[in-house]
C-alpha cells in the first residue's frame with residue numbers, strides 16, 4: 002500500500018553541443034551591441050515541477066520519461082534532473 | 002593594468018511567484034493528459050554565458066546589469082546568477 006508524496010524537482014534542458022542555438026546567438030549579438038564583453042551565449046529552459054509519487058526515485062523515473070516524451074527533444078537537447086530531498 | 006579572464010556563468014530566469022505562466026500551464030496540462038501525476042509546472046530560461054572580465058566579481062556585476070537590461074524582465078521575472086570558480 003503506497004502513499005503519494007509531493008516531490009519537487011528542477012529540470013534543465015539545454016541545446017546539445019554543436020547544435021545551432023539561434024536564440025543564444027541573437028542574445029549574444031544584442032549583449033555585444035550593448036557593450037557587454039560576452040563571447041558565448043546558449044539558451045535553454047528551466048522547468049520547476051511538482052508531482053505526487055511514492056518517493057524521490059519514482060519521481061526521477063517519471064521525470065526521465067516526461068523529458069523523453071515532452072519536456073525535451075532528445076535529438077537536439079540534453080536534460081538534467083535534480084530532485085529535491 | 003588588468004588582463005581579461007574568460008569567465009563562465011549560468012543564469013536562471015524564472016517567472017516570479019504569482020505571475021501567470023501560460024507556458025507552464027500548457028505543459029502541466031499536457032503532462033497530465035499523458036498520465037503524469039504532476040501538480041505544478043513553471044517554466045523559465047537557463048542562460049549559459051561566457052564573458053571576458055577582470056575577475057569573477059566583475060563578471061557578476063556585468064551579468065546583473067545584463068539581466069536588468071536584456072536577459073530578464075525584472076517586473077515579472079527573477080534571476081539567479083552562478084559564476085563558475
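Chains as they are written, first to last, in the working numbering: chain D, 2 to 86; chain V, 2 to 86. C-beta atoms are modelled at their ideal positions from N, C-alpha and C, and glycine is treated no differently.
Meets three-Cβ-pair contact criterion under 8 Å: the segment 10 to 30 of chain D and the segment 75 to 83 of chain D: Verdict: yes, contact present.
At least three beta-carbon pairs within less than 8 Å, the segment 31 to 44 of chain D to the segment 21 to 34 of chain V: no
Option in V:20, V:4, V:61 and V:59 with minimal Cα separation from residue 77 (chain V): V:20
Inter-stretch contact (C-beta, 8 Å, three-pair minimum) for the segment 51 to 67 of chain D and the segment 61 to 72 of chain V: Judged by pairs of C-beta atoms under 8 Å, the segment 51 to 67 of chain D does not touch the segment 61 to 72 of chain V, as fewer than three such pairs exist.
Proximity to residue 43 (chain D) [Cα-Cα], best of V:72, V:18, V:58 and V:44: V:72
Below-8 Å beta-carbon distance, residue 57 (chain V) vs any chain D residue: It does not; no Cβ of chain D falls within 8 Å.
Straight-line Cα distance separating residue 40 (chain D) from residue 4 (chain V): 16 Å
Length at least 4, wholly inside the segment 39 to 78 of chain V: the alpha helix (DSSP H) runs in chain order: 57 to 67
Below-8 Å beta-carbon distance, residue 76 (chain D) vs any chain V residue: no
CA-to-CA distance, residue 79 (chain V) to residue 55 (chain D), given in whole angstroms: When rounded, the distance between both Cα atoms is 31 Å.
Three-state secondary structure assigned by DSSP to residue 32 (chain D): Per DSSP, reduced to three states, the secondary structure at residue 32 (chain D) is helical.
Bridge partner(s) assigned by DSSP for residue 4 (chain V): Answer by DSSP bridge pairing: none, since residue 4 (chain V) is not bridged.
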